[in-house]
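In what follows, a structure is listed as structure tokens, so that the remarks can point back to it.
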Amino acid sequence: MVQNLAQENLIRSYFLGELSQNEQDEFEKRLLADPEFLQTSRVIEWELLDDYVLEALSGSDRVNLESRLLMSAQQQRKVQLIRLLRLKSNASVFIKKRSLFTRYLGRILFTRYLGRIEAA
Amino acid sequence: MIRQSLIQIFIWKTCSDAEYLADETLDRVMLRVPKLRETYKGNPSAYIHAVAKKLLAEHLQLENSVHENPRTTDIETEKMFGCLERCLSNLSPYSRDLILDYYSEEHPKNVSHRKDVAEDLGISVNQLRVRMYRIRKTLEACMQACMGQESSV
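So, in structure tokens, the structure goes:
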């Protein structure tokens, strides 16, 4: 689906408002005619929003995205979804780590307990 | 397919009523079809795009080109979190683990993020991108349905 670097850069430029009016028109005509191109554009859109939330975009790309794509409620909801997924993901990692730690601690205490019984 | 593409273009142009605009574009095109059949030569998508562009200009004029930057409220965020829990539980365990791992802070917060996740999973970056796209799409549709139900309660 996503293979061509030049094409990916073109799609990113569209979302960041870096294309001329003519280039935008050509881009949109292609979206109407080519389902695979539309799908690739959707993939890149999500990834740009990921990079925005992860703060992996340059300052100017951030500003461009905020003043274009992120002006719509739908895109804002996507950004919010990504933020919540990160929260949820990190909470899950914390719980997993805590349970591993508890298990580790339990094992140490149990070993010590067995050691005491054997010594007695 | 063309309708879906039009909706997507209007969304990316930050139009709040993308579905209406897509339908209006197609209605206008359909009205012209009998005449176009005799005279129009070239790619039909170019004509559809021209109609959509004109409609967008009219729409923006009506909206006075002013967009308000929508912000989600705390109540909405709470609702979204509830829906997210519900929608994540609808995913297969593999997809759920994959998306949670993808967004984990344990991966670097830069451009090599996707590469790092793909390496961890032993798949190519492209495979990861396609899988992530499918999961997000499912999750987004579920979230939309769930948020719709929540707000109608």
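As they're listed, the protein sequences go chains V and W.
Residue numbers for the first sequence follow my numbering, so the first one is 64 and each next one is one higher.
Residue numbers for the second sequence follow my numbering, so the first one is 1090 and each next one is one higher.
Ideal Cβ positions, reconstructed from N, Cα and C, are used throughout, including at glycine.
Every value quoted in this text rests on a predicted model; they were computed, and no experiment measured them.
Contact between V:V142 and V:L112 holds: their C-beta atoms lie close to 6 Å from each other, under 8 Å. Between V:E99 and V:E91, the alpha-carbon positions lie close to 13 Å from each other.
Any Cβ of chain V closer than 8 Å to the Cβ of W:Q1150 would place that residue at the interface, and such an atom is absent. Chain W has a Cβ within less than 8 Å of the Cβ of V:D88. The beta carbon of W:D1205 lies closer than 7 Å to those of H1196 and P1197 in the same chain, with the five residues before and after it left out.
A contact is defined here as three or more CB-CB pairs under 8 Å, and the region 1129-1146 of chain W fails this definition with respect to the region 119-139 of chain V.
The count of Cβ pairs closer than 8 Å, one atom from the region 1172-1182 of chain W and one from the region 1214-1229 of chain W, reaches three, so the stretches are in contact. Taking CB atoms only, V:R149 has a neighbour in chain W less than 8 Å away. Under the DSSP assignment, W:P1197 falls outside any alpha helix (DSSP H); it carries neither an H nor an E label. Under the DSSP assignment, W:D1116 falls in the alpha helix (DSSP H) whose first and last residues are A1107 to T1128. Put simply, the backbone Cα of W:L1189 is about 43 Å away from that of W:Y1136.
Secondary structure note for W:M1169: its alpha helix (DSSP H) is the uninterrupted segment D1163 to N1179.
Counting C-beta atoms within 10 angstroms of its own C-beta, V:I180 has fewer than 16 neighbours from the protein chains shown and is therefore classed as exposed. Neighbours of W:R1225 across chain V, judged by C-beta separation under 7 Å: W109.
Interface flag for V:S152 against chain W is set, since a Cβ pair is found closer than 8 Å. According to the DSSP assignment, V:R105 belongs to the alpha helix (DSSP H) that extends over P98 to V116. Under the 8 Å criterion on CB atoms, W:N1132 is classed as interfacial with respect to chain V.
Within 10 angstroms of the beta-carbon of W:E1147 lie fewer than 16 other beta-carbons, which makes it exposed. V:G122 sits in a helix when the DSSP states are folded into three classes. In this chain, the alpha helix (DSSP H) harbouring V:N72 covers L68 to F78.
A check of alpha carbon separations from W:F1099 across W:L1144, W:D1116 and W:C1172 identifies W:L1144 as the nearest. Closer than 8 Å to the CB of W:T1162 there is not a single CB belonging to chain V. W:I1224 is a Cβ neighbour of W:L1187, given a cutoff of 8 Å. Proximity of W:T1166 to chain V, defined by a Cβ-Cβ separation below 8 Å, is satisfied. W:M1236 sits close to W:K1168, with the two beta carbons spaced by under 8 Å.
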